[in-house]
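Colleague:
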Amino acid sequence: MVNKVLKLSPARSTEVILKYGDIQLTRFANNAITQSVAENNLRVAIRVLHQGKMGRAETNKTDPDSLTNCCEQALHLAKFSSPDPQSLPLPGRQNYEVSHSFFDSTQACNAAMRARQISDMAARAKSQSATLAGAHKISLSSTSIGNSQGLFAYNKSSEATISVTANRNGATGASHANANNVQQIQPEALVDSAIHKALLSEKTIAMPSGDYTVILEPLAVLNLLSSMVIDYISHVCPFSGTALQNKLGFAVGRLGKQIFSQNLTIDDDAYHPLHQGAPFDGEGMPRMPVILIYQGILTQLVHSRASALHFGEQSTGHALELPNPYGAVPLHLVMHGGNSTLDEMIAKTKKGLYITRFWYNRMVDPTHLLLTGMTRDGTFMIEDGKIVCGVKNMRFNESLFSTFQHITELGESVRTYDEESGRIMVVPPIRVEGFHFSGPALR
Amino acid sequence: MKDVAELAIGMGETRGVAGMEVRVIELESEEVELRDYVPTTLNSSESFGIGIKVYRNGGWGFASTSDLSQAGIEKTVKRAIEIADANINPYLKDIPLVDEPVHVDSWSLPIHYDPFLVSVEDKLALLDEINRACLGVRGIGAALSSMSFQRRKQYFANLAGSRIEQISYLSGVGYVAIASDGNDRQVRSFPNAFGGQYAAMGYELVYGLPLVEQAEQIAEEAVALLNAPDCPSRQCDILLDGSQMALQLHETFGHSVELDRVLGFEANFAGTSVLTTDKKGSLQFSSDVVNIYTDARPSRLSGAGTYAYDDEGVEAQRADLVTNGVFVDYLSSRDTAAMIGATRSNGSVRASGWNRVPLIRQSNLCMEPGEGDLEELIADTKDGILMKTNKSWSIDDTRENFQFGTEIAWEIKNGKRTRMLKNPTYSGLTSAFWHACDAVCGVDEWVIWGIPNCGKGQPEQILAISHGVSPARFRKIDVGVNRAK
């Protein structure tokens, strides 16, 4: 089909992206199914280059007339656009790694199977006097990119996500899991984990504002790191060459400098065994592993072809589909772990807070990476090396520079998924000193 | 569209569904964004498909497809039925939908200038002029301006016999000037953050705003913020401009009265609500100067959440939600209305496209104007801070504990606006905060602000909504909490 569309294009330089998606999702609440949906869609995006200018049009109508119109619309936009430095000649044929991210078992998980699993999970919750809410999602997708210079790339993947929130006497606990293969997710374990957190939260106390030693579960770590990936005010990804080129984002003046503690190393690696991402980016360039932070030093940024050209480097294969304001974005972050277990971290803590997740994080001051947000579904007090009770949800106001400069322990990195941002990262639990909470929940 | 919908309805009837709703939707959109002098987005798109919801054996299923061939529709009807049949222990089992009359109607939003007929060249030229004006101010490092337009054609059909055609438009335009001095970065947006102002209008929205005229002042404010003192950490009165009031209303009240959320359906994702069903009709939610209503009906106000019928085929209505401070109603759907014993949905169900199941959403959720203007309110304030244009917003999963920040603020001393403040924030608890509202400006200051990025549901649905509000004052509020370390 890519070749069919390329033949329809009146422009000499044309790129075609086909995105197919089949998404099925069942949601439940109060131990019953509340929503079950399925979506099937094929999207065609056409980008043409014309005299140093670029235009893009998209459609999901796949008859020849609609595809021809779409090609002509892209050319029309290009003709009336302004010259664009991102309008590099299209790349030619590339070589790609193979990702192993599609599983028949995930494809086979239909509405009836999801309903049975949810029914079993709800029964398990009921037997422990808890009510359950959650979601069970199956996503099948494929991406093809081809262009008039002979480039062609194809990848397909499957993904399963189950999330649950248990409620016992008004106290809540949550657990989430995401995998390419649905068989790697154990729904019963998720329910038990969520109920365990809810149980621990049945007795809560309000803690005063102040600086705390915190132990963050991997989801809480993802929630913080995720806030650094996109600067929504300036429309840039601070980890990208495009941001630096435009003198925007926290990397300005910091490349090559120590910005975090020495025990922190962050890569972007689509080929990490726990990621298995698409082996090419939105321009069809092969994804390369990139060390963004090495022992606390901001070492490298991700590049599209345009930002790479500006800095005299090579594309790292992180471009989003063009045109876009962000340039390149690291989508497969890996925070290197350490040797500590969560139990060891707790045992070493005389007084502190154990945090399972953050919620509704927003950047208050992007220059200083000052972030605010709330804890949710499981926050606990640690005293003398033990979790002693639940803590009412608390609001934090803290700089991520400070947070990642005060990591004292790291655990094993695991694949972690956040429903709020939709991001998947491989991150460890960490222990941080002096994390600032501006106040307890005022209720 | 009609033929496709009728084909699906016929297939559902043949298969013995108890109820069925079909929406065929064609969305056309165009987005243009300029960073400095370079287009960073120039995109035209169309999306056409069908969403089918069926009720059977007490459960419901929803399936959607972009394949509108007879085989594609048949497969999708079958898939929706399979999903409905698979739902073991569905919540709807013994709960009926509230009645809604059968509607056979056609409605099209009246516009003056079709945005899709204005050339891309003209749009880029205007954005270039705006950015040029911003970048002409010394200290401005970047300027971002954008426009977006959407035309939505929709055909709704249900098993009861409703047949509703609607055509609506959504237009948006705005910009942000970014100042930087190497140590700090400050931004100012116009007419609002989140890409500007959005409305159910044609290109007349763009023609009607003083975009270029305001650019220099907006850019100068961004530069001035670099050297302004930080908002202090203390307690004082705050005055919120209209655009921040829109955000305040949206986050702390609007989401709290979505009845699906109140009933626990969002407990795992978006969260729950403190406005539980026992509080309807009795809770003094706020001070008595606060009156809140929802009104999606087409009118000259052109809120971004305007429609003639919602996505369950319920006629758009006006409904009072807070009267003289008393919480009186929720935003509802046909099933949730039945669950709380209401006799009719107030028409608050929307879907972002053909591929999403309709959910309870805000539309045009507004606050009645009070009296006087902002200058009079400033003159009446002894010790306060005037905050303008949202910059950050965070709220807990029960919509109670919030912290919001704005781009700019000015201190008020003895009735006079004095020094500019940067990084202003304020925080509070929803109900206590609304109880602290003692003054709402009058109708001359009342503006309906469009917000394009309201998200809800899984898979997530992003929709534009509007809030008609005037500036207002809140007594003794914690400000500058972000700096209290």
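Going down the list, the protein sequences come from chains W and F. In terms of my numbering, the first sequence opens at residue 1 and continues consecutively. In terms of my numbering, the second sequence opens at residue 444 and continues consecutively. Even glycine gets a Cβ: it sits at the ideal position worked out from N, Cα and C.
1. Please classify residue 901 of chain F: does DSSP put it in a helix, a strand, or coil?
2. Pull up the distance between the alpha-carbon of residue 541 of chain F and that of residue 500 of chain F, whole angstroms please.
3. Is there at least one Cβ from chain F nearer than 7 Å to residue 104 of chain W's Cβ?
4. Scan the region 93 to 153 of chain W and note each continuous alpha helix (DSSP H) run of 4 residues or more that stays entirely inside, going in chain order.
5. With DSSP collapsed to three states, give me the class of residue 577 of chain F.
6. Could you pull out every residue in the same chain whose Cβ sits closer than 6 Å to the Cβ of residue 527 of chain F, ignoring the five residues on either side in sequence?
7. Can you tell me the Cα-Cα spacing of residue 21 of chain W and residue 462 of chain F, whole angstroms?
8. Per DSSP, which one or two residues make a beta bridge with residue 286 of chain W?
9. Could you please tell me which residues of the region 360 to 375 of chain W, in chain order, have their CB closer than 8 Å to any CB of chain F?
10. Can you check the region 551 to 615 of chain F for any beta strand (DSSP E) of at least 3 residues that lies completely inside it and give the ranges in chain order?
11. Tell me which same chain residues have a C-beta within less than 6 Å of the C-beta of residue 517 of chain W, skipping the five on either side of it?
12. Cβ closer than 7 Å: which chain F residues qualify as neighbours of residue 55 of chain W?
13. Could you tell me which chain W residues have their CB closer than 9 Å to the CB of residue 866 of chain F, listed as they occur along the chain?
14. Leaving out five residues before and five after residue 447 of chain F in sequence, what residues of the same chain have Cβ atoms less than 7 Å from its Cβ?
15. Who pairs with residue 673 of chain F in a beta bridge, going by DSSP?
16. With a cut-off of 8 Å, do at least 3 Cβ pairs link the region 333 to 349 of chain W to the region 407 to 422 of chain W?
17. In the region 791 to 827 of chain F, which residue ranges form an unbroken alpha helix (DSSP H) of at least 4 residues, counting only runs that do not cross its ends?
18. Within the chosen definition, does the region 420 to 434 of chain W reach the region 378 to 387 of chain W through at least 3 CB pairs nearer than 8 Å?
19. Residues of chain W with CB closer than 9 Å to the CB of residue 836 of chain F, please, in chain order.
20. Tell me the DSSP secondary structure of residue 359 of chain W in three-state form.
21. Would you identify the three-state DSSP class for residue 173 of chain W, choosing helix, strand or coil?
22. So which residues of chain F does residue 247 of chain W contact, with C-beta pairs closer than 8 Å?
23. Under the three-state reduction of DSSP, which class applies to residue 443 of chain W: helix, strand or coil?
24. Does the beta carbon of residue 504 of chain F sit closer than 7 Å to a beta carbon anywhere in chain A?
25. Taking residue 69 of chain W as the reference, give the member of W:44, W:83 and W:316 with the closest Cα.
26. On the premise that residue 332 of chain W lies in contact with residue 281 of chain W, defined as a C-beta separation below 8 Å, what is that separation, rounded to the nearest angstrom?
27. Looking at the strands, I want to know which residues DSSP matches up with residue 417 of chain W.
28. Pick from F:590, F:486, F:649 and F:480: whose alpha carbon is nearest that of residue 579 of chain F?
29. Taking Cβ to Cβ, would you say residue 645 of chain F is nearer than 7 Å to residue 554 of chain F?
30. Counting only runs that start and end within the region 185 to 234 of chain W, where is the beta strand (DSSP E) found for 3 or more residues in a row?
31. Under 8 Å by Cβ, that's how I've got residue 842 of chain F and residue 695 of chain F pegged, so tell me the actual separation to the nearest angstrom.
32. Measuring only between beta-carbons, confirm whether residue 282 of chain W sits less than 7 Å from chain F.
33. Can you tell which of W:87, W:350, W:389 and W:95 has its C-alpha closest to the C-alpha of residue 203 of chain W?
34. Does the ligand NAP have a heavy atom nearer than 6 Å to the CB of residue 460 of chain F?
35. Going straight from the alpha carbon of residue 876 of chain F to that of residue 815 of chain F, what length do you get?
36. Which class does residue 927 of chain F belong to by DSSP, given the choice of helix, strand or coil?
Modeller: Working from what's here:
1. coil
2. 18 Å
3. no
4. 104 to 107 and 111 to 126
5. helix
6. 497, 499, 502, 503 and 504
7. 27 Å
8. W:280
9. 360, 361, 362, 363, 364, 365, 366, 367, 370, 372, 373 and 374
10. 583 to 601
11. The structure shown does not extend to residue 517 of chain W, since chain W is modelled only from 1 to 443, so the question has no answer here.
12. 485
13. 364, 365 and 370
14. 467, 493, 511 and 516
15. F:865
16. yes
17. 817 to 822
18. no
19. 360 and 362
20. strand
21. strand
22. 584, 585 and 623
23. Since pLDDT at residue 443 of chain W reaches only 44, below the 50 mark, its modelled position is unreliable, and no value is offered.
24. Chain labels in this structure do not include chain A; the protein chains are W and F.
25. W:44
26. That pair is no contact at about 11 Å.
27. W:424
28. F:480
29. yes
30. 210 to 216
31. 6 Å
32. no
33. W:389
34. Although the ligand NAP was asked about, the structure shown includes no ligands whatsoever.
35. 21 Å
36. With a pLDDT of 48 at residue 927 of chain F, under the threshold of 50, the modelled position of this residue cannot be trusted; read the value that follows with caution. Looking at residue 927 of chain F - three-state DSSP - the assignment turns out to be coil, as it is neither helix nor strand.
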